[in-house]
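A.B. asks: Numbers 692 to 996, taken from this note's numbering, label the letters of the sequence shown in order.
Glycine is no exception: its CB is placed at the ideal position from the N, C-alpha and C atoms.
Since this is a predicted model, take the numbers as computed values, not measurements.
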Amino acid sequence: MNRYQISEPLRSGGMANVYIAWDAALKRNVAIKRLKPELLNDPAALNAFHSEARTLAALRHPNIVEVFDAHFDGHPYLVMELVEGQPLSALMPLPPQQAVDYALQIASALAHSHANGVIHCDVKPDNILIDQAGHVKLLDFGISLIDGQGCHDEVLGSPHYIAPERVLGSPLTPAADIYSLGIVLFQMITGVVPFDGPDAATIAHLHVTELVPLMSEVILSVPLALERVVAKATAPTALARYKDGAAMYKALIEARYELAGLRPPVPTSELPISSPERLWEIPTSPIPTIPAHPHDDPGSCLSAA
């Protein structure tokens, strides 16, 4: 740690504390993530910490936080890119256009992760940072599923965003992350999560026994394009959802243009998933909405989701 001079705490999670530090060798600020002292002899925590380091080292993407260095002897720590911004949880609710822009960047990060065999397993607003320029960084791959390993010891860790198959202990696919992102987008638009309760087990049970409500049942006006995307992303079965981050990214691209009253200029299959900065060029226009009670409107096309 002689190279890194810790200056102040940044945030604290379930397994680790994160600090702002100065890299004396490269003359830059970094983030130091240190395993909590009480977990130094916990094999599961140590394995998760090692797994996160390996995963982040393999995933290079503009919307995934970058790891620079790692140390596993004694008191383990990771040296990571310092993202100066706020967690998404501090910014909600958001205007639909802004919510889609953020969701696109998250989906882009997941598309890259899924293409490399990694399921994040803990997509939630507290693990999504927004910097001062509006760029998204996806954090905390500590309980990710890599080649079928991991993701099982934290089933109730984030119950508001957990996919039904995780609660049931069923095999996981990238669609588990899609469900979580769908819940995050639901919250970005409405300002609330679809399910809540007195404890984690109760909330998790609701994801298995109840359907996620339509956003238009929570707030008066919801863009039809976003209602369709969230409804499909939060379908109760994995096969009914977008299969991975790339598929949801493409659906969000179409929704983004629909919000602007435009047609995508090229087939969505040809759009890159690693260059979210291009999305800022899409012009805006008044956003179409659906009725407060879409079930009363046979033309709402929700079945097309």
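What does the Cβ neighbour count give for lysine 718, buried or exposed, with the cut at 16 atoms within 10 Å?
C.D. replies: As a first step, residue 718 is located in the sequence shown; it is residue number 27 there, counting from the start. So lysine 718 counts as exposed.
A.B. asks: Can you check which of these residues, Val814, Gln789 and Asp733, is closest to leucine 801 by C-alpha distance?
C.D. replies: As a working mapping, residue 801 is identified with position 110 in the sequence shown. Nearest C-alpha to leucine 801: Val814.
A.B. asks: Closer than 8 Å: is that where the CB of alanine 892 sits relative to any heavy atom of the ligand SAM?
C.D. replies: As far as ligands go, the structure on display features none, and thus does not contain the ligand SAM.
A.B. asks: Of the choices Ala722, Leu795, Gly765 and Gln788, whose alpha-carbon is the least far from that of aspartate 935?
C.D. replies: For this step, residue 935 is matched to residue 244 along the sequence shown. Of Ala722, Leu795, Gly765 and Gln788, the residue nearest in Cα terms is Leu795.
A.B. asks: On the DSSP letters alone, give me the boundaries of the alpha helix (DSSP H) that serine 742 sits inside.
C.D. replies: For the purposes of this step, residue 742 is taken as the residue at position 51 of the sequence shown. Here the alpha helix (DSSP H) through serine 742 covers 734-749.
A.B. asks: With DSSP run on the structure shown, which of helix, strand or coil describes lysine 941?
C.D. replies: For this step, residue 941 is matched to residue 250 along the sequence shown. Helix.
A.B. asks: How many Å lie between isoleucine 874 and alanine 937 at the Cα?
C.D. replies: As a working note, residue 874 is residue 183 in the sequence shown. As a working note, residue 937 is residue 246 in the sequence shown. Looking at the two C-alpha atoms, the distance is approximately 17 Å.
A.B. asks: Which class does glutamate 699 belong to by DSSP, given the choice of helix, strand or coil?
C.D. replies: Taking the sequence shown and counting its residues from 1, the one referred to as residue 699 is at position 8. Reduced to three states, the DSSP call for glutamate 699 is strand.
A.B. asks: Relative to the alpha-carbon of leucine 779, which residue among Pro816, Glu908 and Ala739 has its alpha-carbon at the smallest distance?
C.D. replies: The residue labelled residue 779 in the question sits at position 88 within the sequence shown. Leucine 779 has its Cα closest to that of Pro816, out of Pro816, Glu908 and Ala739.
A.B. asks: Identify the continuous alpha helix (DSSP H) that holds leucine 919 and give its terminal residues.
C.D. replies: Locating residue 919 in the sequence shown gives position 228, counting from the first residue. The sequence shown places arginine at residue 919, rather than the leucine named in the question. Its alpha helix (DSSP H) spans residues 915-924.
A.B. asks: Would you please state the rounded distance, in angstroms, between the beta carbons of isoleucine 819 and valine 809? I believe it to be under 8 Å.
C.D. replies: Translated into positions along the sequence shown, residue 819 becomes position 128. Translated into positions along the sequence shown, residue 809 becomes position 118. At roughly 16 Å, the Cβ-Cβ gap does not stay under 8 Å, so isoleucine 819 and valine 809 are not in contact.
A.B. asks: Compare the C-alpha of glycine 715 against each of Gln696, Gln878 and Glu901 and name the closest.
C.D. replies: Along the sequence shown, one-based indexing puts residue 715 at 24. The question names glycine, yet the displayed sequence has alanine at residue 715. It is Gln696 whose Cα lies nearest to the Cα of alanine 715.
A.B. asks: Count the other C-beta atoms from every protein chain shown that fall within 10 angstroms of the C-beta of serine 726, then say buried if there are 16 or more, exposed otherwise.
C.D. replies: Position 35 of the sequence shown, counted from the start, is the residue given in the question as residue 726. It should be pointed out that residue 726 corresponds to leucine in this sequence rather than to serine. Answer is buried; the Cβ neighbour count reaches 16.
A.B. asks: Going along the chain, which residues of its own chain have a beta-carbon closer than 6 Å to the beta-carbon of alanine 926, five neighbours each way excluded?
C.D. replies: Mapped onto the sequence shown, residue 926 falls at position 235. So the list reads Arg932, once near-sequence residues are dropped.
A.B. asks: With a Cβ-Cβ cutoff of 9 Å, do glycine 833 and serine 742 count as a contact?
C.D. replies: In the sequence shown, the residue the question calls residue 833 occupies position 142. In the sequence shown, the residue the question calls residue 742 occupies position 51. Yes, these two residues count as a Cβ contact at 9 Å.
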